[in-house]
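Student: For the sequence shown, numbering that gives the first Met the number 0 puts the final residue at 266, and the numbers step up evenly by one. All residues carry an ideal CB built from backbone N, CA and C; glycine is no exception.
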Amino acid sequence: MKKSTKALLIAAFCCVLVGLSFCIASFFFGISERGMTDVIQQGRVQLEEKLGWFRDIGTDLSKSEKTETEFSETYANITELDLDLGETNCVLIPWQEAEWKVSGSRLPTGFSCSQDGMKLKIRSKKSTWNFWKFGNETSALEIYVPERELLEEVKIDLGTGELTVQEGFIRSEKLEVDCGVGNCSLRMDIRKEMKIDCGVGEVDATLLGKSTDFDYNLQCGVGEVMIDGESYGSIGAETKVSHDASKEIRIDCGVGSVSVEFEEDAQ
Numbered sequence: 000m001k002k003s004t005k006a007l008l009i010a011a012f013c014c015v016l017v018g019l020s021f022c023i024a025s026f027f028f029g030i031s032e033r034g035m036t037d038v039i040q041q042g043r044v045q046l047e048e049k050l051g052w053f054r055d056i057g058t059d060l061s062k063s064e065k066t067e068t069e070f071s072e073t074y075a076n077i078t079e080l081d082l083d084l085g086e087t088n089c090v091l092i093p094w095q096e097a098e099w100k101v102s103g104s105r106l107p108t109g110f111s112c113s114q115d116g117m118k119l120k121i122r123s124k125k126s127t128w129n130f131w132k133f134g135n136e137t138s139a140l141e142i143y144v145p146e147r148e149l150l151e152e153v154k155i156d157l158g159t160g161e162l163t164v165q166e167g168f169i170r171s172e173k174l175e176v177d178c179g180v181g182n183c184s185l186r187m188d189i190r191k192e193m194k195i196d197c198g199v200g201e202v203d204a205t206l207l208g209k210s211t212d213f214d215y216n217l218q219c220g221v222g223e224v225m226i227d228g229e230s231y232g233s234i235g236a237e238t239k240v241s242h243d244a245s246k247e248i249r250i251d252c253g254v255g256s257v258s259v260e261f262e263e264d265a266q
């Protein structure tokens with residue numbers, strides 16, 4: 000996450016707290032129940048008059064947003080995975096087959112899945128924006144990953160959806176995660192570097208190995224970072240831990256939370 004985005008998230012969080020404080024103060028110090036009702040009614044009428052055309056636009060966009068029923072394709076010779084997900088709920092499933100399989104349902108019109116050389120690129124975002132409703136049923140995507148394949152890099156950009164790795168581990172030299180307001184649960188065998196950029200969402204990662212197999216470079220805003228049960232969360236904290244290791248964990252956490260645990264033996 001860019002520093003400017005992180006700063007805006009923190010500022011927005013503070014503004015919410017200030018706004019709630021003013022609401023509570025106004026309730027106790029100056030307005031009757033009837034007065035509040037009048038204000039709400041008058042404000043609603045005026046708002047509906049001013050924004051009637053805006054609602055019509057939102058309705059048109061809602062009607063124009065259609066979804067695909069399903070998708071299913073197989074791929075081979077993949078060494079990189081690039082995921083860009085909006086509201087989609089995605090499951091990564093390690094399996095014993097040599098080919099990759101991608102299948103999904105209720106996918107948005109902006110969905111695409113293609114192989115570029117040895118990179119598999121998947122985009123699952125709406126092609127239009129509905130101002131009044133974020134969507135009907137949540138899109139669902141399943142990606143079957145060869146369990147014995149050592150990938151060069153995995154990139155995950157997660158919006159408001161969820162991403163989960165089922166039983167087993169996905170093996171990769173590098174992992175890069177950008178989590179907005181969604182939830183991400185990972186099981187990874189990392190050989191070089193893991194980078195996590197968390198906004199207001201939640202990232203839980205289980206890594207194959209021990210905590211001393213990695214050096215840590217951690218930055219935290221108002222969120223929390225947990226590494227092997229130890230908290231590194233405090234406002235504006237920046238922590239570096241060296242184990243003279245050949246692998247590194249880099250975490251930048253804004254308002255959300257990041258937890259990293261370790262599992263020495265794969266089941």
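Report the partner residues of glycine 103 according to the DSSP bridge assignment.
Tutor: Here the question's residue 103 lines up with position 104 in the sequence shown. Phe70 and Leu140.
Student: Checking 8 Å against the spacing of the C-beta atoms, do glycine 301 and glycine 255 come in under that value?
Tutor: Look at the range of the chain in this structure, 0 to 266, and you will see that residue 301 is not part of it.
Student: Quick one: what's aspartate 251 bridged to in DSSP?
Tutor: Taking the sequence shown and counting its residues from 1, the one referred to as residue 251 is at position 252. Answer is Asp196 and Gln218.
Student: Under 7 Å Cβ to Cβ from lysine 209, same chain only, skipping five residues before and after it: list those, please.
Tutor: Taking the sequence shown and counting its residues from 1, one reaches residue 209 at position 210. Cβ within range, chain order: Phe261 and Glu263.
Student: Could you check if leucine 149 is buried or exposed, using at least 16 other CB atoms within 10 Å of its CB as the buried criterion?
Tutor: By 1-based counting over the sequence shown, the position of residue 149 is 150. It is exposed - the Cβ of leucine 149 has fewer than 16 other Cβ atoms within 10 Å.
Student: Going straight from the alpha carbon of leucine 207 to that of leucine 91, what length do you get?
Tutor: Here the question's residue 207 lines up with position 208 in the sequence shown. Here the question's residue 91 lines up with position 92 in the sequence shown. Their backbone Cα atoms lie some 16 Å apart in a straight line.
Student: Just list the residues that DSSP pairs phenylalanine 319 with in beta bridges.
Tutor: Outside the modelled stretch of the chain, which goes from 0 to 266, sits residue 319, for which no answer is possible.
Student: Alpha carbons only, please: which of Ser71, Leu174, Asp81 and Gly85 is nearest the one belonging to glutamate 141?
Tutor: One-based indexing of the sequence shown puts residue 141 at position 142. Checked all of Ser71, Leu174, Asp81 and Gly85; the closest Cα to glutamate 141 is Ser71.
Student: Lysine 118 and glutamate 175 look like a contact to me (Cβ under 8 Å); what is the Cβ gap, rounded to whole Å?
Tutor: Position 119 of the sequence shown, counted from the start, is the residue given in the question as residue 118. Position 176 of the sequence shown, counted from the start, is the residue given in the question as residue 175. That pair is no contact at about 13 Å.
Student: Hey, would you say glutamate 172 sits closer than 8 Å to glutamate 146, going by beta carbons?
Tutor: Mapped onto the sequence shown, residue 172 falls at position 173. Mapped onto the sequence shown, residue 146 falls at position 147. Cβ distance not < 8 Å, so glutamate 172 and glutamate 146 don't count as in contact.
Student: Quickly, what does DSSP pair arginine 122 with across the bridge? List them, please.
Tutor: Your numbering for residue 122 matches position 123 in the sequence shown. Per DSSP, Asp83 and Ser111.
Student: Between isoleucine 226 and the rest of its own chain, which residues show a CB-CB distance below 6 Å, the 5 nearest in sequence each way excluded?
Tutor: By one-based count along the sequence shown, residue 226 stands at place 227. Hits under 6 Å: Val259.
Student: Can you tell me whether asparagine 88 is buried or exposed? The criterion is at least 16 other CB atoms within 10 Å of its CB, across all chains shown.
Tutor: In the sequence shown, the residue the question calls residue 88 occupies position 89. It is buried - the Cβ of asparagine 88 has at least 16 other Cβ atoms within 10 Å.
Student: Hey, quick one: how far does the beta strand (DSSP E) through arginine 170 stretch, first residue to last?
Tutor: The residue you call residue 170 lines up with position 171 of the sequence shown. Taken as a continuous stretch (DSSP letters only), the beta strand (DSSP E) holding arginine 170 covers 169 to 178.
Student: Find out if the Cβ-Cβ distance for the pair threonine 205, arginine 186 is shorter than 8 Å.
Tutor: As a first step, residue 205 must be located in the sequence shown, where it is residue number 206. As a first step, residue 186 must be located in the sequence shown, where it is residue number 187. Going by C-beta atoms, threonine 205 is nearer than 8 Å to arginine 186.
Student: How many whole angstroms separate the CB atoms of glycine 253 and glycine 222, which I take to be in contact at a CB cut-off of 8 Å?
Tutor: Against the sequence shown, residue 253 aligns to sequence position 254. Against the sequence shown, residue 222 aligns to sequence position 223. About 6 Å separates the two Cβ atoms, so the contact holds.
Student: Can you tell me whether asparagine 88 is helix, strand or coil according to DSSP?
Tutor: As a working mapping, residue 88 is identified with position 89 in the sequence shown. In the structure shown, asparagine 88 sits in a strand (DSSP, three-state: E or B).
Student: Using a threshold of 8 Å, state whether the C-beta atoms of lysine 124 and glycine 103 are closer than that.
Tutor: Along the sequence shown, read from residue 1 onward, the residue named residue 124 stands at position 125. Along the sequence shown, read from residue 1 onward, the residue named residue 103 stands at position 104. Result no, Cβ atoms of lysine 124 and glycine 103 do not sit closer than 8 Å.
Student: The beta strand (DSSP E) spanning alanine 204 covers which residue range?
Tutor: For the purposes of this step, residue 204 is taken as the residue at position 205 of the sequence shown. 201 to 207 is the extent of the beta strand (DSSP E) around alanine 204.
Student: In whole angstroms, what is the alpha-carbon distance linking aspartate 177 and glutamate 96?
Tutor: Numbered from its first residue, the sequence shown carries residue 177 at position 178. Numbered from its first residue, the sequence shown carries residue 96 at position 97. C-alpha separation (whole angstroms): 28 Å.
Student: Could you give the DSSP three-state label for glutamate 148: helix, strand or coil?
Tutor: Residue numbering aside, residue 148 sits at position 149 when the sequence shown is read from its first letter. If DSSP states are grouped into helix, strand and coil, glutamate 148 belongs with coil.
Student: Can you list, in chain order, the residues of its chain whose CB lies under 8 Å from that of threonine 159, leaving out five sequence neighbours each side?
Tutor: On the sequence shown, residue 159 is found 160 positions in, with the first residue counted as 1. Closer than 8 Å at the Cβ level, and outside the excluded window around threonine 159, lie Gly85, Glu86, Phe133, Gly179, Val180 and Gly181.
Student: Let me know if isoleucine 189 comes out buried or exposed under the rule of 16 or more other beta-carbons within 10 Å of its beta-carbon.
Tutor: One-based indexing of the sequence shown puts residue 189 at position 190. Flag for isoleucine 189 reads buried.
Student: Quick test of your reading: valine 202 and cysteine 183, contact by CB under 8 Å. State the CB separation rounded to the nearest angstrom.
Tutor: For this step, residue 202 is matched to residue 203 along the sequence shown. For this step, residue 183 is matched to residue 184 along the sequence shown. Yes, valine 202 and cysteine 183 are in contact; Cβ-Cβ is about 5 Å, under 8 Å.
Student: Grouping DSSP H, G and I as helix and E and B as strand, with all else coil, what is asparagine 76?
Tutor: Here residue 76 is taken as the residue at index 77 of the sequence shown, counted from 1. Looking at asparagine 76 - three-state DSSP - the assignment turns out to be coil, as it is neither helix nor strand.
Student: Give me the Cα-Cα distance between tryptophan 131 and threonine 137, rounded to the nearest whole angstrom.
Tutor: Walking along the sequence shown from the start, residue 131 turns up at place 132. Walking along the sequence shown from the start, residue 137 turns up at place 138. Low confidence applies here, because tryptophan 131 scores a pLDDT of 44, under 50, leaving its location unreliable and the question unanswered by this model.
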